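Chains as they are written, first to last, in full-length UniProt numbering: chain C, 1 to 417; chain B, 1 to 248.
We treat Cβ as the ideally placed atom computed from N, Cα and C, and that holds for glycine.
Fair warning: this is a prediction, and the values are worked out from it, not measured in the lab.
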């Protein structure tokens, strides 16, 4: 493979292409992690941005190395947000993929040493591209698509350079991440997020080319002229589009099968006595309500996490103040981490105000669910299924967020002083 | 294990094709238990830790992939439905190329059903996103509790940015469906309501007149029908009184 960053990209590529198999054999991955963990023991450790420094050298490395990896993967604009990362941390998590890619036969041998070597130069860009890789996921359907390609396409496949796409703005050109890395990290299966606007552009191109049957992916790609869009995206999208068009003509087979579980719930009696229209209307009502509740729940979750973040920030500020007061910053920092572990288990009074707010919201949700429930006494089992999902879900949601990791930490700061 | 059971339920009740796309909660819980157990050796714990985070990341990838694929399908279907409606109106509608009330009604009924089903599926996807998010939060909380670390807060922050959690587009499509359905429904439903009302009124009138006729009469004889006892006579009377449609 002749990409500019072979060392970094290939282990990852391999990790992903072999992912389906590796997921069924966790033992392989485990032993790899084990190996990497042991090697990490010998490395000097720096406090991570989680500020959970010396918890024991042996146990810490895998968490640090894997966790930064995950944050890297989850963050599609790593450059902006993680400027605070030390190079040591990068080094640590760069080790992990190298070992995790054990199942891959040929490439790993060279990549093992290569990773070590390339670690030191140009780390930041490496990491970005590696993060890109990490976000990409193999899709079983892709292999079929790829098999169908002609020679030209397979060449494209090998040398494909894919920037990572995420939906940022509504415009067709805006569905790629703002840092459009001209990445030489070629995962074979880049994941792209389609938008309605992009789809419109797609449709226009298809119509210009004479319809879904006659249009070719290459032609569509050219006409659409969207930066970063690849023929693979277009191909798979075209496939989906064709299926969707001809499905209704073939008596809506797929969609019916898909919603069989919902359909089955509808009793025949209901249909004949109340009429299909009424049944549909009730179904729609329930669905509407469920959606509303889901949105409320989601907003709650966002708010809760926001609060947690805020508290964490406050705690850190307070710690800073303490350190300045004591005038011995290093000693304070050293003391801080060890009691921390015990404190996560402390019950916290601060939780109450938060959980009260949550309970209020919960009761609101409960009331809404109740209303929906009574409305649909005549409803179908399908309706009640969705109802159940809704009610128990809000319970679970509220339960889960009753205490924040930030809280005990904050309390501890107070008791210390 | 309450959440675990509930999650199982959700998985059982969801569409068959979706069943393996949910969070592997049990698996993750096992790992957490392994990590925090007192018996396993040090390296075993380290193993489990690494595996835990590895699995978490894999799960998130899984969610993202599945979610975005479904989303893409929804975008296509949404557009197709819209075009379908336009086609029906343009063909069999009052101003269409071959206007036909019967055909129009039939086709519209089909379209309506499709929209409702489509709407339902999208809501299911939003639910899917939510279920998995909740599960992640819970398992992270367990992890934090058992190991004393602070993995949950920062990890969850990242999850919030993930494609599978950002359900804005799907929600938007859902609302558009609701609007479409309102438009499509209103035409049909009004007619039906009017029909039903008319029928109800005529039936009521007939019943009442029958009752009137069968009231005790002076010429009560062998062949006379007994007086008609209508249990809901109040209701029937109200039909008459409240009739908005003059039964001329």
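Proximity below 9 angstroms, CB of residue i to CB of residue j
i: residue 166 of chain B; j: residue 287 of chain C; result: no
i: residue 60 of chain B; j: residue 49 of chain B; result: no
i: residue 80 of chain B; j: residue 244 of chain C; result: yes
i: residue 202 of chain B; j: residue 85 of chain B; result: no
i: residue 234 of chain C; j: residue 224 of chain C; result: yes
i: residue 420 of chain C; j: residue 127 of chain B; result: The structure shown does not extend to residue 420 of chain C, since chain C is modelled only from 1 to 417, so the question has no answer here.
i: residue 240 of chain C; j: residue 71 of chain B; result: no
i: residue 121 of chain B; j: residue 15 of chain B; result: yes
i: residue 157 of chain B; j: residue 204 of chain C; result: no
i: residue 26 of chain B; j: residue 37 of chain B; result: no
i: residue 249 of chain B; j: residue 21 of chain B; result: The shown model of chain B, from 1 to 248, leaves out residue 249 of chain B, and the question about it has no answer.
i: residue 131 of chain B; j: residue 10 of chain B; result: yes
i: residue 64 of chain B; j: residue 191 of chain C; result: yes
Residue i in three-state terms, based on DSSP
i: residue 432 of chain C; result: Since the first residue of chain C shown is 1 and the last is 417, residue 432 of chain C is not available in this structure.
i: residue 100 of chain B; result: coil
i: residue 192 of chain C; result: coil
i: residue 46 of chain B; result: helix
i: residue 150 of chain B; result: coil
i: residue 155 of chain B; result: helix
i: residue 137 of chain B; result: helix
i: residue 180 of chain B; result: helix
i: residue 16 of chain B; result: helix
i: residue 165 of chain B; result: coil
i: residue 74 of chain B; result: helix
i: residue 91 of chain B; result: helix
i: residue 33 of chain B; result: helix
i: residue 202 of chain C; result: helix
i: residue 57 of chain B; result: helix
i: residue 226 of chain C; result: coil
i: residue 277 of chain C; result: helix
i: residue 225 of chain B; result: coil
i: residue 298 of chain C; result: helix
i: residue 215 of chain B; result: coil
i: residue 311 of chain C; result: helix
Nearest-angstrom Cα separation, counted from residue j out to residue i
i: residue 326 of chain C; j: residue 159 of chain B; result: 37 angstroms
i: residue 98 of chain B; j: residue 62 of chain B; result: 48 angstroms
i: residue 202 of chain C; j: residue 323 of chain C; result: 58 angstroms
i: residue 210 of chain C; j: residue 82 of chain B; result: 20 angstroms
i: residue 18 of chain B; j: residue 124 of chain B; result: 10 angstroms
i: residue 298 of chain C; j: residue 134 of chain B; result: 10 angstroms
i: residue 281 of chain C; j: residue 113 of chain B; result: 10 angstroms
i: residue 175 of chain B; j: residue 200 of chain C; result: 19 angstroms
i: residue 88 of chain B; j: residue 207 of chain B; result: 41 angstroms
i: residue 249 of chain B; j: residue 138 of chain B; result: As shown, chain B starts at 1 and ends at 248. That puts residue 249 of chain B outside it, with no answer to give.
i: residue 108 of chain B; j: residue 197 of chain C; result: 27 angstroms
i: residue 313 of chain C; j: residue 228 of chain C; result: 38 angstroms
i: residue 230 of chain C; j: residue 208 of chain C; result: 19 angstroms
i: residue 101 of chain B; j: residue 94 of chain B; result: 8 angstroms
i: residue 103 of chain B; j: residue 213 of chain C; result: 28 angstroms
i: residue 319 of chain C; j: residue 168 of chain B; result: 37 angstroms
i: residue 206 of chain C; j: residue 220 of chain C; result: 6 angstroms
i: residue 232 of chain C; j: residue 76 of chain B; result: 17 angstroms
i: residue 311 of chain C; j: residue 111 of chain B; result: 50 angstroms
Beta-carbon separation (whole angstroms), residue i vs residue j, contact threshold 8 angstroms
i: residue 154 of chain B; j: residue 68 of chain B; result: About 24 angstroms; that fails the 8 angstroms criterion.
i: residue 28 of chain B; j: residue 7 of chain B; result: Not quite, the Cβ-Cβ distance comes to about 11 angstroms (not below 8 angstroms), so this is no contact.
i: residue 74 of chain B; j: residue 184 of chain B; result: Their Cβ separation, rounded to whole angstroms, is 18 angstroms, which puts residue 74 of chain B and residue 184 of chain B out of contact at 8 angstroms.
i: residue 286 of chain B; j: residue 141 of chain B; result: Since the first residue of chain B shown is 1 and the last is 248, residue 286 of chain B is not available in this structure.
i: residue 284 of chain C; j: residue 78 of chain B; result: Rounded, the Cβ-Cβ distance is 16 angstroms, inconsistent with contact.
i: residue 214 of chain B; j: residue 225 of chain B; result: 5 angstroms
**Study point:** Interfacial residues, the stretch 280-297 of chain C to chain B, with Cβ spacing under 8 angstroms
**Key:** Cβ proximity to chain B below 8 angstroms picks out 280, 281, 283, 284, 287, 288, 290, 291, 294, 295 and 297 from the stretch 280-297 of chain C.
Check your understanding: Between the stretch 295-323 of chain C and chain B, which residues of the former have a C-beta closer than 8 angstroms to a C-beta of the latter?
Key -> Of all residues in the stretch 295-323 of chain C, those with a C-beta nearer than 8 angstroms to a C-beta of chain B are 295, 297, 298, 301, 302, 305, 308, 309 and 312, reading in chain order.
Check your understanding: Of the residues that make up the stretch 205-218 of chain C, which ones have a beta carbon closer than 7 angstroms to any beta carbon in chain B?
Key -> The stretch 205-218 of chain C vs chain B, Cβ under 7 angstroms: nothing.
Point to revise | Residues of the stretch 230-242 of chain C whose Cβ lies closer than 9 angstroms to any Cβ of chain B, in chain order | key: For the stretch 230-242 of chain C, which is checked against every Cβ of chain B, the residues closer than 9 angstroms are 236, 237, 240 and 241.
Point to revise | chain C contacts from the stretch 86-99 of chain B (Cβ-Cβ distance under 9 angstroms) | key: If the cut-off is 9 angstroms between Cβ atoms, the stretch 86-99 of chain B has nothing near chain C.
Exercise for review: Anything in the stretch 24-49 of chain B with a Cβ closer than 7 angstroms to a Cβ of chain C? List those residues in chain order, please.
Suggested key: Residues of the stretch 24-49 of chain B with a C-beta atom less than 7 angstroms from some C-beta of chain C are 42, 43, 45, 46, 47 and 49, listed in chain order.
Practice item. Closer than 8 angstroms, Cβ to Cβ, to anything on chain C: give me those residues from the stretch 57-73 of chain B, in chain order. Key: Of all residues in the stretch 57-73 of chain B, 57, 58, 60, 61, 62, 64, 65, 68, 69, 71, 72 and 73 have a Cβ within less than 8 angstroms of some Cβ in chain C.
Exercise for review: With 9 angstroms as the C-beta to C-beta threshold (strictly closer), list the residues of the stretch 152-166 of chain B near chain C in chain order.
Suggested key: Along the stretch 152-166 of chain B, going in chain order, the ones with a CB nearer than 9 angstroms to a CB of chain C are 152, 153, 154, 155, 156, 157, 158, 159, 160, 161, 162, 163, 165 and 166.
**Study point:** Proximal residues, the stretch 104-123 of chain B versus chain C, C-beta separation under 9 angstroms
**Key:** Correct list: 109, 110, 112, 113, 114, 115, 116, 117, 118, 119, 120, 121, 122 and 123.
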